[in-house]
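Mapped onto our numbering, the consecutive letters of the sequence shown carry residue numbers 981 to 1329. Backbone N, C-alpha and C fix where the C-beta goes; we use that ideal spot for every residue, glycine too.
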Amino acid sequence: MRFIIAGAGAIGSVMGGYLAIGGSPVVLIARRAHAEAIGRNGLIIKTARGDRRADLDAVTEPSDVAWQPEDIIFVTTKSQDTVDLLDHLDKAPRETPVFCFQNGVRNEEWAAERFENAYGGLVVFSVNFVEPGVIEHTRNDVVAIGRYPSGLDEAVRRVGDALTEAGFRVTLDEDVMPPKWGKLLLNLNNAVYALVDTWLQLAYTDPDYRYFMGQTMREGLRVAAALDIAVRMGPGEPSVDEFIDQLEGGGFAYENPEDLPPDRRTYPSTWQDVVVGRASTEVDHFNGEIVRLGLEAGVPTPYNTTLLQMMKQLSAEGAKPGRFSLGDITLRVQEKTDGSRSEAQAPQS
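See the structure below:
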């Protein structure tokens, strides 16, 4: 097998880097500066145990790939870029297995419209993009894969073996989309980190952040339940309700999170996108997904609507993380909640 990592930012680079170190042939399709730095110096993966170097090929366009029969595609781009990327993979044979290692819950559906073999991939680890050619693997190493919409096959088993050899803890999941919905619930709070400028370890330790994030997740869970969408957390994690209870109760709090050096803090990709000034984030595919489905199901979504609107305001202003406080966000949620109650209590003519 040769692995083609399409949209190789932080997540795709660490997967491709470890696969290459484990002996698999790998081609990264990456932004030009990243691909050129890798061509000069290899890919540098910084970890708490020291730096690792991966030698692998890197190109800038899907058209630069000479496709081979045993190729496997990993799509690791942001959800807002998936359709365009898939369209540019048109020279790949339609039977090529495509694994969507992405946040969001629509990417597999789009891949299945263009390829005969689509797969879901769940990543439960954190990576920061430091600079072209250099990434920082900060947390965890868990992966789950399965055929879309469900099932296992030989491609899943072979890819699972390769990822295991590369050092990941891999679960083969016959029903891979419910944990991807569980990951979506976690990602609903990516906007909080970007709006306020905080990091996971600190937010999970602060009672006010924990309560807000728990309520945001509960809102998304109510929407999913109203539409009979199956949701569960990733491998080795508790049920969704138990996870939220533990989050709100301080079960994931860190000791002295402010003492963590900046390069060991976990920032979600949305925060990173805002820092570097990218034109778009995945907020429409996270909070926007819940807002749209909430309208369909008739379930109020004041938390997710607020986060969606404030992220759009942040983008329109070209502001950096820290433009708002948690108090600012909470006040807007309360205004929406009070407004919804007033409308519900108004006399009907």
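Rounded to the nearest angstrom, the Cβ distance from Asn-1083 to Asn-1167 is 5 Å, consistent with a contact under 8 Å.
By the CB criterion at 9 Å, Val-1123 and Val-1103 fall inside the cutoff. For Trp-1047, same chain residues with a beta-carbon under 7 Å away, outside a window of 5 residues either side, are Lys-1071, Ala-1072 and Pro-1073 in chain order. Inclusion of Leu-1294 and Leu-1207 in the CB contact set at 9 Å is not warranted, their separation being larger than that value. Per DSSP, reduced to three states, the secondary structure at Glu-1269 is helical. A straight-line Cα-Cα distance of about 17 Å links Arg-1119 and Thr-1185.
The three-state reading of DSSP puts Gly-1307 in helix, counting H, G and I together.
In the DSSP assignment, His-1117 forms a beta bridge with Val-1107. Around Leu-1152, the same chain offers Ala-1124, Ile-1125, Gly-1126, Leu-1132, Val-1136, Arg-1137 and Gly-1140 as residues with beta carbons nearer than 8 Å, after the five sequence neighbours per side are excluded. From the listed residues Glu-1089, Thr-1062 and Ser-993, the smallest Cα separation to Ser-1106 is found for Ser-993. By the CB criterion at 9 Å, Ala-986 and Pro-1042 fall inside the cutoff. Looking at the backbone, the Cα of Leu-1227 and that of Tyr-1189 are separated by about 10 Å.
Asp-1031 has Lys-1026 as its beta-bridge partners, per DSSP. If you draw a straight line from the Cα of Asp-1037 to the Cα of Val-1006, it comes to about 6 Å.
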